[in-house]
Amino acid sequence: MSHPYPAAPATKPTPVGHPAQRPRGDWSLSWHGVRTVARLELTQRLRSTRWKVALGVWFLVVGAICLLISTTVTTNSTRSIETGPLMFGLNVMFILSMGLLVTPTLSSAAINGDRIAGTLAILQVTLLTSAEIAIGKVLAGWVASLAFLVISVPFILWSFLAGGVPVTAVLSTLVLVTLMLGVVSAISLGFSALVSKPTGSTVLSYLTVAALAFGTLIVFLLTLIPMTSTQQSSVLQASEWDATTGEVTACEVQFTQERVMHTERTWWLLAMNPYVVVADAAPGHETFDVMRLDPLSGIREGVRVARNGASEPSSSCPAEISGVEEQVPSTAPVWPLGLAINLLLGAGAIALTVRRLRIPQGKLTRGTRVA
Amino acid sequence: MTSDLPSPSPAYGIVPGPAPADPSSEFGVIAHGVQRRFGSVTAVAGIDLRARRGAVTALIGPNGSGKTTLMLMLAGLLAPDAGRILVGGHDPVTQNYSARSQVGWMPDVFGTWDSLTAREVLVTTGATYRMSPEHSRQRAAELLATVHLTDLADAPAHVLSRGQKQRLGLARALVHDPAVLILDEPANGLDPRSRIELRTLVRSLAARGTTVLVSSHILTELDEMADDAVFISRGRTVAQESVVEARVHHRTWRIKALTPEPLLGWLRSVNLPCAEHADGGLLIQIGGEEAAARLLRDAIVAGVPVVSMSPSGGALEQTYLSLDEDRR
Chain C
998 MSHPYPAAPA TKPTPVGHPA QRPRGDWSLS WHGVRTVARL ELTQRLRSTR WKVALGVWFL
1058 VVGAICLLIS TTVTTNSTRS IETGPLMFGL NVMFILSMGL LVTPTLSSAA INGDRIAGTL
1118 AILQVTLLTS AEIAIGKVLA GWVASLAFLV ISVPFILWSF LAGGVPVTAV LSTLVLVTLM
1178 LGVVSAISLG FSALVSKPTG STVLSYLTVA ALAFGTLIVF LLTLIPMTST QQSSVLQASE
1238 WDATTGEVTA CEVQFTQERV MHTERTWWLL AMNPYVVVAD AAPGHETFDV MRLDPLSGIR
1298 EGVRVARNGA SEPSSSCPAE ISGVEEQVPS TAPVWPLGLA INLLLGAGAI ALTVRRLRIP
1358 QGKLTRGTRV A
Chain A
3 MTSDLPSPSP AYGIVPGPAP ADPSSEFGVI AHGVQRRFGS VTAVAGIDLR ARRGAVTALI
63 GPNGSGKTTL MLMLAGLLAP DAGRILVGGH DPVTQNYSAR SQVGWMPDVF GTWDSLTARE
123 VLVTTGATYR MSPEHSRQRA AELLATVHLT DLADAPAHVL SRGQKQRLGL ARALVHDPAV
183 LILDEPANGL DPRSRIELRT LVRSLAARGT TVLVSSHILT ELDEMADDAV FISRGRTVAQ
243 ESVVEARVHH RTWRIKALTP EPLLGWLRSV NLPCAEHADG GLLIQIGGEE AAARLLRDAI
303 VAGVPVVSMS PSGGALEQTY LSLDEDRR
């Protein structure tokens, strides 16, 4: 008991201790700050034992389903169906679904859960900016969800090896699934900053994911009815043919009445769907082929057809006679728009989170504590 | 700056020395007319306080009097509805980042990053204050020794006891060597030895020039720790005094002799009323330390076998009870 009442340690005159740096605003970012928050979040997550179990279960479940898909597809295949793209497409859809299912849980309690646990305020009072806390937390949730994707990569590669899928499709799929999971992480984080209870933010995150994945499709289908109209049009149709060659020699105007669906007004609903974004970006056969059973190109075709919407009725009159060039349906990709909408949603969620993390706090949301 | 922050009212008992040109050079924390409401509940209705640099200021008040809300505002987490705050010379509303760099805050209830070890908690906190990894590690080792957690440095924080967590929380507030230290009920859950160590630590920090603001409702503890005291009740400052002065002017003393009769007789002869104390001593009312010294000398000269004489209750307790405003 030589020193029962020790004095505080003498601080060395190192200038590092007192951060006399320039003040930084709520939106300023440093990699150091983001990394500190992300590492803190991930370390805490990694040390919980459930993590390894979850990844193990995930591997088994994804593996089993992919195996099931692959065996079903191969055994039931006739020679006319290319099994590679079908296997690949189904596996990608399944892995994306599982990713969308697991990602909200990883981020949807990041802010309000910490607030309840009393570990948010002690980060806010430090020299971390609000943006650093928000981005660090998104990054942690994103990286965690990517762990699930990485574990699924063997199954994607496996179905790729079945053939018929360009290697660029594997790359575009991985990149876009990664980005979409990032968007879902950001949206979940936004809800955790908005709502005071973790259960509430989790439910809202799942509802949003469901709205993107299914809601867009449902709304698109429901709007088909008001978008359908009967259109009267006059079209030049072939009327006389050359007796020997069978070529059209003359055309006449015919009046037709058709029911058309103006999906060119609503196709963007489908474009924001994460499945559409992933499927549309995967390069494949751009022409429609009845013998192909490939979910990715199926979705791609469907959306691109919807974008063209109500086209002019087809004419049997060749262009040399009618003077009207035949309209070729556009095959421009849909995914850049869809990805942009999703990235905007994610960015908006992060911006909201940063605003919510700003201190000193003025108004408090009902039911929240500062610390 | 001096114009909108008037010097403290003399009634508060702070000895106003020669007024410095800039009050923020003398006071680490200045709050003036601070108000804060939560919906319809007024948590802080008007608090004025000044905490001197290099001194420990106690914030005393009953439960729900607004201590924690005030401390949240001083830590820069909560914006006051009205009034002005300066912490380490910075306004936490307009210069939040600069104010934050000056403040170490230990909340009353706080969580720990449960799966991190005590050392990692401190190293991470160092990183959040933009300290270099080496400096953070060195500082963490120093602080773990200071709060006697070196043995548990590499155990996960969730195995720590309540008191140990509290000590870790204190160490965390000190990582960046703040100029202003705000401790909200720091002694909660601490064992007696840790309380003594806390007191010593706080005193030595103040001796090095840190402004320490500490809240507690255990008055005897603050008696020995604080230089100044600010009493708040129902969200208002009701008194501000110097603890040293309170001690000097302490009025109730307890005196005990081998046998009570000669003491009683002598007290009667000098015409001093007294009351019986539970432990067999007598309580007397006198005019402070100087009078006590005189009384003791006279009693011994008169042959009274005095064994002890001490202030009864704490210096702060007297003021606190005299406020008569405490419970809601």
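Going down the list, the sequences are from chains C and A. Position 133, counted from 1, in the first sequence is what our numbering calls 1130; the numbers after and before it change by one each time, with no gaps. Position 313, counted from 1, in the second sequence is what our numbering calls 315; the numbers after and before it change by one each time, with no gaps. Beta carbons: idealized from backbone N, C-alpha and C, even for Gly. Here the structure is a predicted model, which is why all the values come from computation and not from measurement.
{"Item": "Applying a beta-carbon distance threshold of less than 8 Å, which residues of chain C neighbour A/Ser196?", "Value": "Under the 8 Å cutoff, chain C gives no residues; its nearest Cβ is about 11 Å from A/Ser196."}
{"Item": "Would you say the region 201-221 of chain A touches the region 179-192 of chain A, given that touching needs at least three Cβ pairs under 8 Å?", "Value": "yes"}
{"Item": "Using DSSP with H/G/I as helix, E/B as strand and the rest coil, what is C/Asp1291?", "Value": "coil"}
{"Item": "Output the boundary residues of the alpha helix (DSSP H) element that contains A/Glu292.", "Value": "291-303"}
{"Item": "Are A/Gln104 and A/Gly85 touching if we call contact CB-CB under 8 Å?", "Value": "no"}
{"Item": "What alpha helix (DSSP H) runs, 4 residues minimum, are completely inside the region 230-286 of chain A?", "Value": "245-250, 262-271"}
{"Item": "Would you mind stating whether C/Pro1357 and A/Pro180 have Cβ atoms separated by less than 8 Å?", "Value": "no"}
{"Item": "Quick check: what's the CA-CA separation for C/Leu1341 versus A/Arg55?", "Value": "49 Å"}
{"Item": "Take C/Ile1222 and list the residues in its own chain whose beta-carbon comes closer than 7 Å to its own, dropping the five residues that flank it on each side.", "Value": "none"}
{"Item": "Closer than 8 Å is the cut-off here; do at least three beta carbon pairs connect the region 1026-1037 of chain C with the region 1119-1138 of chain C?", "Value": "yes"}
{"Item": "Let me see if you follow: with CB-CB separation under 8 Å, is A/Arg102 close to chain C or not?", "Value": "yes"}
{"Item": "Along chain C, which residues have their Cβ under 9 Å away from the Cβ of A/Ser67?", "Value": "The premise fails here: A/Ser67 is roughly 17 Å from chain C at the closest Cβ pair, so nothing lies under 9 Å."}
{"Item": "Spell out a yes or no on whether the region 1100-1117 of chain C and the region 107-117 of chain A are touching, meaning 3 or more CB-CB pairs, one atom from each, closer than 8 Å.", "Value": "yes"}
{"Item": "In chain C, which residues lie with their C-beta within 7 Å of the C-beta of A/Ala81?", "Value": "Pro1357, Gln1358, Gly1359"}
{"Item": "Is it true that the region 1084-1101 of chain C meets the region 1171-1183 of chain C, where meeting means three or more beta-carbon pairs spaced less than 8 Å apart?", "Value": "yes"}
{"Item": "Taking the alpha helix (DSSP H) that A/Phe40 falls in, what are its first and last residues?", "Value": "It is not in any alpha helix (DSSP H) - A/Phe40 instead sits in the beta strand (DSSP E) that spans 29-40."}
{"Item": "Mind listing the chain C neighbours of A/Asn98? Cutoff is C-beta to C-beta under 7 Å, in chain order.", "Value": "Ile1356, Pro1357"}
{"Item": "I need the straight-line Cα distance from A/Leu74 to A/Pro82, nearest angstrom please.", "Value": "10 Å"}
{"Item": "Assign A/Glu243 to one of two classes, buried (16 or more other C-beta atoms within 10 Å of its C-beta) or exposed (fewer than that).", "Value": "buried"}
{"Item": "Taking all protein chains shown into account, do 16 or more other C-beta atoms lie within 10 angstroms of the C-beta of A/Gly78, making it buried, or fewer, making it exposed?", "Value": "buried"}
{"Item": "Measuring CA to CA, which of C/Tyr1272, C/Val1331, C/Ser1105, C/Leu1349 is closest to C/Leu1087?", "Value": "C/Tyr1272"}
{"Item": "Extract the residue ranges of the beta strand (DSSP E) inside the region 1030-1094 of chain C, only unbroken runs of 3 or more that lie entirely within it.", "Value": "none"}
{"Item": "Using a Cβ cut-off of 7 Å, which residues of the region 41-57 of chain A contact any Cβ in chain C, in chain order?", "Value": "none"}
{"Item": "Taking C/Met1211 as part of the alpha helix (DSSP H), name the residues at either end of that continuous run.", "Value": "In the sequence as presented, Met is not what sits at residue 1211 of chain C; that position holds Phe. First-last for C/Phe1211: undefined, no H or E at that position."}
{"Item": "Can you tell which of C/Arg1021, C/Glu1249, C/Pro1315 has its C-alpha closest to the C-alpha of C/Ser1127?", "Value": "C/Arg1021"}
{"Item": "At which residue ranges does the region 165-209 of chain A contain complete beta strand (DSSP E) runs of 3 or more residues, listed in the order of the chain?", "Value": "182-186"}
{"Item": "Does the distance from the CB of A/Lys69 to the CB of A/Leu76 come in under 8 Å?", "Value": "no"}
{"Item": "Give the interface partners of A/Thr59 over in chain C, defined as CB-CB distance under 8 Å, in chain order.", "Value": "Per Cβ cutoff of 8 Å: no residues; A/Thr59 is ~18 Å from chain C at best."}
{"Item": "In whole angstroms, what is the alpha-carbon distance linking A/Pro264 and A/Asp281?", "Value": "17 Å"}
{"Item": "When you compare the CB positions of C/Met1258 and C/Thr1213, do they come within less than 8 Å of one another, or not?", "Value": "no"}
{"Item": "Give me the subset of the region 1036-1058 of chain C whose CB atoms are less than 7 Å from a CB atom of chain A, sorted by chain position.", "Value": "Leu1037, Thr1040, Gln1041, Arg1044, Ser1045"}
{"Item": "Report the residue from C/Tyr1203, C/Asp1291, C/Gly1138 whose alpha carbon sits nearest the alpha carbon of C/Leu1098.", "Value": "C/Tyr1203"}
{"Item": "Run through chain C and tell me which residues come within less than 7 Å of A/Pro188, C-beta to C-beta.", "Value": "None at all; the shortest Cβ gap to chain C is about 14 Å."}
{"Item": "Along chain A, in chain order, which residues have C-beta atoms closer than 9 Å to that of C/Gly1115?", "Value": "Pro109, Val111, Phe112, Gly113, Thr114"}
{"Item": "Since C/Ser1198 contacts C/Asn1109 with CB under 8 Å, what's their CB separation in whole angstroms?", "Value": "6 Å"}
{"Item": "Taking just the CA atoms, how far does C/Leu1057 sit from C/Ile1148?", "Value": "10 Å"}
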